[in-house]
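What follows is a single structure, written as structure tokens, with notes after it.
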Amino acid sequence: MTAPFVLTDEEGRLLARVAHDAVCARVRRGQVPVVADPPAAFDARLGAFVTVESPAGNLRGCFGNVEPSGRLIDEIPLLATEAATTDRRFEPVRVGDLERLHVKVSVLSPMERLDAASPDDLLRRLRPRQDGVLLELPGARARSVYLPEVWEKLDDDPVVFLGSLSEKQGAAAGAWRSEFRAARFWTFRTRAWST
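Mapping the sequence shown onto the numbering used here, position 104 (from 1) lands on 1548, and the numbers just tick up by one.
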């Protein structure tokens, strides 16, 4: 898979700082800052996720788009504030949390459809810790997605990984296999930067 990332590491770190500053501004009820003269690379339209974590690495929120809906410079502050304040799985970030908060920006490569011949072929073709996966099951109300770093939490096991993605849609863990012919699978890569 080719991953045409357009950001340098310096630009990626700046984008992570933009996300962190947006979270701080929103939590303090201030105006989300606008970056003066952002690098041209920030005009790129790529999928992205922002993850907010405690100093111990505990998830506090995550929000993202697998498909670009706007320029990175416009999307990242919005995703960051959503991750910190509206992820229903967690209490919103408070002012007292800001000093110790870690914010990570993950920029996605374009999605590539994975047309496997069989469930076993699919399992062979997936690359733990390299591939993010988007799964769409027939009749599901939503698609499910995991970034590449989720592999580690699921023991780098493709069966467990796909089962968890199925359950994320409210289906049985084996739905990816039983619905294989009608299911759709995409892979992508990420580059990530943290504050």
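Where is the CB? At the ideal position from N, CA and C, for every residue including glycine.
Kindly indicate which residue of the options has the alpha-carbon position closest to the one of residue i.
i	options	result
S1562	F1624, A1484, S1610, R1633	F1624
A1636	D1564, D1481, K1548	K1548
A1626	D1559, D1575, S1608, G1576	D1559
T1525	V1471, G1607, R1557, E1596	V1471
H1546	T1530, G1501, A1466	G1501
H1464	D1487, V1496, R1473	V1496
V1479	R1489, R1461, R1473	R1461
A1527	E1556, E1511, F1493, L1552	F1493
P1477	L1451, P1483, A1469	A1469
A1488	A1466, S1553, S1498	S1553
With a threshold of 16 other CB atoms inside 10 Å of the CB of residue i, please say whether the residue is buried or exposed.
i	result
R1544	exposed
P1536	exposed
T1446	Bear in mind that a pLDDT of 40 at T1446, under 50, signals an unreliable position, so the number given afterwards is only what the model happens to contain. Label assigned to T1446: exposed.
V1539	exposed
D1481	exposed
H1456	Correcting the residue identity first, residue 1456 is Gly in this sequence and not His. Flag for G1456 reads buried.
L1503	exposed
G1491	buried
S1610	buried
On the DSSP bridge assignment, give the partners of residue i in chain order.
i	result
S1638	K1548
G1505	V1496
S1628	As written in the sequence, residue 1628 is Arg, which differs from the Ser given in the question. Answer is E1580.
V1604	Per DSSP, none; premise fails for V1604.
V1679	Residue 1679 falls outside the range modelled here, since the chain spans only 1445 to 1639, and no answer is possible.
Quick check: the segment 1564-1573 against the segment 1584-1591, are there 3 or more CB pairs under 8 Å?
no
Can you check the segment 1515-1574 for any alpha helix (DSSP H) of at least 4 residues that lies completely inside it and give the ranges in chain order?
1516-1529, 1563-1569
For the segment 1449-1501, list the beta strand (DSSP E) runs that are entirely contained and at least 3 residues long, ordered along the chain.
1492-1497
Quick check: the segment 1594-1602 against the segment 1498-1516, are there 3 or more CB pairs under 8 Å?
In this structure the segment 1594-1602 does not lie against the segment 1498-1516, because fewer than three pairs of beta carbons, one per stretch, are closer than 8 Å.
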